Every structure is written in structure tokens, then in C-alpha cells.
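S.K.: The structure's right below; bear with me while I get my questions together.
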Amino acid sequence: MRKKLTVNWFGVGFGVLMLILPFAGYWWRAEVGSGAASLSMSPFNFDVNVVGIQIHSTLVRYILLFAKISFLIAGVFAILGSLFADRWWAGRLIRFGVMKPLWSVVTLIVVLVAGTFFVNMVLPSIVSGMVRDGPTQINLRVPLLCGTSESNITAGNVTVRTTISVGFLTPFLLAIAAAVLGILTRIYQKRFAKKETAKSKKE
Amino acid sequence: MVHMKGEVLLGAGLRLLSILLVACPILMAFQANGWDLRKTLIEEDGVREIEEKLSGLSFEDMTWTVLENEIEYSESAHEAKIPINIYSGLSFQMKILEVEIEASFEGRRILLEMMENEVVLTPRENAKMHLRGTFYEDPRGKEIELGTGRIVIEKLGVIMEIRVGE
Chain G
6 MRKKLTVNWF GVGFGVLMLI LPFAGYWWRA EVGSGAASLS MSPFNFDVNV
56 VGIQIHSTLV RYILLFAKIS FLIAGVFAIL GSLFADRWWA GRLIRFGVMK
106 PLWSVVTLIV VLVAGTFFVN MVLPSIVSGM VRDGPTQINL RVPLLCGTSE
156 SNITAGNVTV RTTISVGFLT PFLLAIAAAV LGILTRIYQK RFAKKETAKS
206 KKE
Chain P
1483 MVHMKGEVLL GAGLRLLSIL LVACPILMAF QANGWDLRKT LIEEDGVREI
1533 EEKLSGLSFE DMTWTVLENE IEYSESAHEA KIPINIYSGL SFQMKILEVE
1583 IEASFEGRRI LLEMMENEVV LTPRENAKMH LRGTFYEDPR GKEIELGTGR
1633 IVIEKLGVIM EIRVGE
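For the record, the sequence lines run as chains G and P. Numbers in our numbering are just positions in the first sequence, counted from 1, shifted up by 5. Numbers in our numbering are just positions in the second sequence, counted from 1, shifted up by 1482.
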């Protein structure tokens, strides 16, 4: 008797997205002026550029590399587990990485909100305290998550004005899709787990 | 029974994999930089390069010379056109968008304004601009006292306004 192929199609889709995401590009970008400075980030890439010069961090580079590897492994596990969804090991393999995109999205948003709050509310008072050369007025307005605003800093007889633009990029939509598919995969996989439990009880 | 053993082993293996994926990058990063915290957190070459580039932003590196022989004066319009040669010793290009200087000439206050929409300053090259002002007498050959003013420059979308003489 031919064994019926039990496939968790949500998991297959999720696995494919997990293999694509690490190479899809940045999720969010902030730009000061027209290239004066920029910050682009995703869980796999982080780029800080000031007047055309990149700032690197070995620690960040390695952490992002392993985040990439982690997503790729999770993608392979999800595809394997989903193609053989009724096997005893399928659920474990799928659970390894099924929530990773959701946590990545949530973490990014939390970091951005906290960072924006810090830059807008806390940084101006720190910088004011450091600058002793004449009166200082700092009007920093970084948009929350998405948008464009003008900021200016006056120190002594110099005023610097610029626009700050921030926003999510297209790969972020892929990440949200992966997060949603991940949740659906997990929920759908429970059906196979229930079937497996019922089968073992019968035996 | 076999299933249970397999599940336990698989569970332990996946947990170990998760720990390794978190711990390995941190250990490898520190090991690559000789366990130096500062070097591991940020590569200082980039920061130094930025500091060098931005430390050149000093207006002592700019020389402004009035080309007195080329001053033009229109009696009918009471307008003088004063050419200025600017030499930029800075290491990067930027644009001058506005220049406004209050001058004093024969007891009168005159506002001198840049005529051009923008003047591009190329590193270590001369650039020319013209200041225009209303003079009721021919200022050529006479002393013009420069007072306060402001210069607006732009670089990569960042606009800097400098008030001079204050």
C-alpha cells in the first residue's frame, strides 16, 4: 500500500522564504541629508556609512553571519520537517526556527522604537552637556520607524540643518510574510502531531 | 522506546546547535581581535578616517581675497559688484549657497550679498564669486569695513550656516 505523502505546505513555503531572507537585503534604512550618513540594517546585514566611509565591527559581522547561518539551517529543517510532516522528528525540526522571523521582526521594531526615543529625548541633553563652546540648541527629530523630518543643531555661531529620512525596505515585507507563515506552519503542524499521538496510542 | 530516545537526542542536539549559533560568533569575534574588547566592538580605522575627513572642516583653510582691480560700479544703479577669489584648502568639495555680509562704507551700513545661486568649492582650487551691494558713491580705491555676516554652505544635503564676525 502506497504511503500517503503528508506535507505541511505552509512549512515548505516558510522554509523557502527562510532560505531567501538572508540574501534579500536590508530591512530598514535611515539617511541623513543626501548621503552624509546612513544606517541600514537587517538581522543579517548592518551598514553604517558616514561621509562615504563605512564603520565596521568584528563582533557585529560575526553575529550577523551566524544569524544568516541560523536562518538557513532553520529553512532546511523546516522544508525537511514539512515534507515528512507525520514523522516523529518533523515537529522538532520545524520548531527549531519557525518563530525566528517573528522574533526578528519584533526585535527590530523594539530596537528602532527605543533607539528613536534615545536619539530624540536623551541624546540632545548628553551632547548639550558636552559642548561648552557657547549656547547650544539641539533639535533632533528622528521619525518613528518611517518618515522624513528636519533636524538642526546650533552651537555657538554655527547652525547645522539637515533632513533625516527613515523607512522600511521591501525585504521587510518578506520577513513579515515569513513570520506569518511560521505561525501558520506551527499551528498546522500540531494536526500532524495529534495524528501521530493517535497512531501511537492505537499501536 | 526508540522514538523516545531519538526525540531526546534530537532535542538535545537542536538545543546544542542553538547555543553554538549564539556563542560561536561572540567567541570567534573576540579571538580574531586578540580578546581586545574595544577592537572587537568597533574597527577604529573607519572612525579615524571619518575624523580626519571632518577635522578638515575649518574655515581657516579657506582664503578669501577681494579682487580690487576687478570691482565694477554702476553710477546709474548705485550698485557695486565685488569679485572675491576663494581658495579652498579643505579636502572635500562643497557648495556655498549664500553669503551676506554687513559692511561699513563712509559712515553708511551696506549689505553685501552673493550674486551667484551657488559656488562650488573644489579642494585646493580657486573659485570666484561676486558680492553685490548698493553704494551711493564709487567704492573703488576706498576702504570698505566688513562687519558681521553669514555664510551658508552645503555638503551631501547637510546645510551649515556660519555667522561670522559675531
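We put the CB at the ideal spot given by N, CA and C, even for glycine. All values reported here derive from a predicted model rather than from experimental measurement.
At the 9 Å Cβ level, is G:Ala183 part of the contact set with chain P, yes or no?
M.R.: As a working note, residue 183 of chain G is residue 178 in the first sequence. Judged by the 9 Å Cβ criterion, G:Ala183 is not in contact with chain P.
S.K.: Would you give the residue range spanned by the beta strand (DSSP E) that P:Met1544 belongs to?
M.R.: Within the second sequence, residue 1544 of chain P is the residue found at index 62, counting from 1. That run of the beta strand (DSSP E) goes 1544-1548.
S.K.: I'd like to know if the segment 58-65 of chain G and the segment 175-188 of chain G are in contact, where contact means that at least 3 CB-CB pairs between them fall below 8 Å.
M.R.: No, they do not touch.
S.K.: Could you pull out every unbroken alpha helix (DSSP H) segment of at least 4 residues lying fully inside the segment 6-54 of chain G, listed in chain order?
M.R.: For the segment 6-54 of chain G, whole alpha helix (DSSP H) runs of length 4 or above, ordered along the chain, are 14-25.
S.K.: Starting from G:Thr63 and walking both ways along the alpha helix (DSSP H), at which residues does that stretch end?
M.R.: Translated into positions along the first sequence, residue 63 of chain G becomes position 58. 63-88 is the span of the alpha helix (DSSP H), which, as asked, contains G:Thr63.
S.K.: Report yes if the CB atom of G:Gly80 is closer than 9 Å to the CB atom of G:Leu128, and no otherwise.
M.R.: Position 75 of the first sequence, counted from the start, is the residue given in the question as residue 80 of chain G. Position 123 of the first sequence, counted from the start, is the residue given in the question as residue 128 of chain G. It is not a contact, given that the beta carbons lie outside the stated cut-off.
S.K.: Give the secondary structure of P:Asn1515 by DSSP, where H, G and I count as helix, E and B as strand, and everything else as coil.
M.R.: Here residue 1515 of chain P corresponds to residue number 33 of the second sequence, with the count starting at 1. Three-state DSSP puts P:Asn1515 in coil, outside helix and strand.
S.K.: If the cut-off is 7 Å on Cβ atoms, which residues from the segment 153-168 of chain G count as contacting chain P, listed in chain order?
M.R.: Flagged, chain order: Asn162, Val163, Thr164, Val165, Arg166, Thr167, Thr168.
S.K.: Which of the three DSSP states is assigned to P:Gly1571 in this structure?
M.R.: If you number the second sequence from 1, residue 1571 of chain P lands on position 89. In this structure, P:Gly1571 counts as coil in the three-state DSSP scheme.
S.K.: Please report the distance separating the alpha-carbon of G:Asn13 from that of G:Ala90.
M.R.: Within the first sequence, the letter at position 8 stands for residue 13 of chain G. Within the first sequence, the letter at position 85 stands for residue 90 of chain G. So the two alpha carbons sit approximately 6 Å from each other.
S.K.: Are any of the Cβ atoms in chain P nearer than 9 Å to that of G:Ser62?
M.R.: To locate residue 62 of chain G, count along the first sequence from 1; it is residue 57. Closer than 9 Å: yes.
S.K.: Check whether the segment 1629-1648 of chain P and the segment 1606-1616 of chain P touch, using three or more Cβ-Cβ pairs below 8 Å as the test.
M.R.: In short, these stretches do not touch, since the Cβ pair count stays below three.
S.K.: Here's the rule I'm using: 16 or more other beta-carbon atoms within 10 Å means buried, otherwise exposed. How should G:Ile131 be labelled?
M.R.: By one-based count along the first sequence, residue 131 of chain G stands at place 126. By the neighbour-count rule (16 or more Cβ atoms within 10 Å), G:Ile131 is not buried but exposed.
S.K.: Measure the C-alpha to C-alpha separation of P:Leu1509 and G:Phe51 and round it to an integer number of angstroms.
M.R.: Residue 1509 of chain P sits at position 27 when you count from the first residue of the second sequence. Residue 51 of chain G sits at position 46 when you count from the first residue of the first sequence. Going from the Cα of P:Leu1509 to the Cα of G:Phe51 covers about 19 Å.
S.K.: Are the CB atoms of P:Glu1607 and P:Leu1593 within a distance shorter than 9 Å?
M.R.: Here the question's residue 1593 of chain P lines up with position 111 in the second sequence. Here the question's residue 1607 of chain P lines up with position 125 in the second sequence. No, the Cβ-Cβ distance between P:Leu1593 and P:Glu1607 is not below 9 Å.
S.K.: Using a C-beta cutoff of 9 Å, does P:Val1646 count as contacting chain G?
M.R.: In the second sequence, the residue the question calls residue 1646 of chain P occupies position 164. Yes - at least one Cβ of chain G is within 9 Å of the one on P:Val1646.
S.K.: Check G:Ser130 in the structure and name its three-state DSSP category.
M.R.: Numbered from its first residue, the first sequence carries residue 130 of chain G at position 125. Of the three classes helix, strand and coil, the one that applies to G:Ser130 here is helix, per DSSP.
S.K.: Contact between the segment 174-186 of chain G and the segment 90-110 of chain G is defined here as three or more beta-carbon pairs at a separation below 8 Å; is this criterion met?
M.R.: Yes, since at least three Cβ pairs between the segment 174-186 of chain G and the segment 90-110 of chain G fall closer than 8 Å, the two stretches touch.
S.K.: Grab me the residues of G:Ser39's own chain with a C-beta within less than 8 Å of its C-beta, minus the 5 sequence neighbours each way, in chain order.
M.R.: Position 34 of the first sequence, counting from 1, holds the residue named residue 39 of chain G. Here the set comprises nothing.
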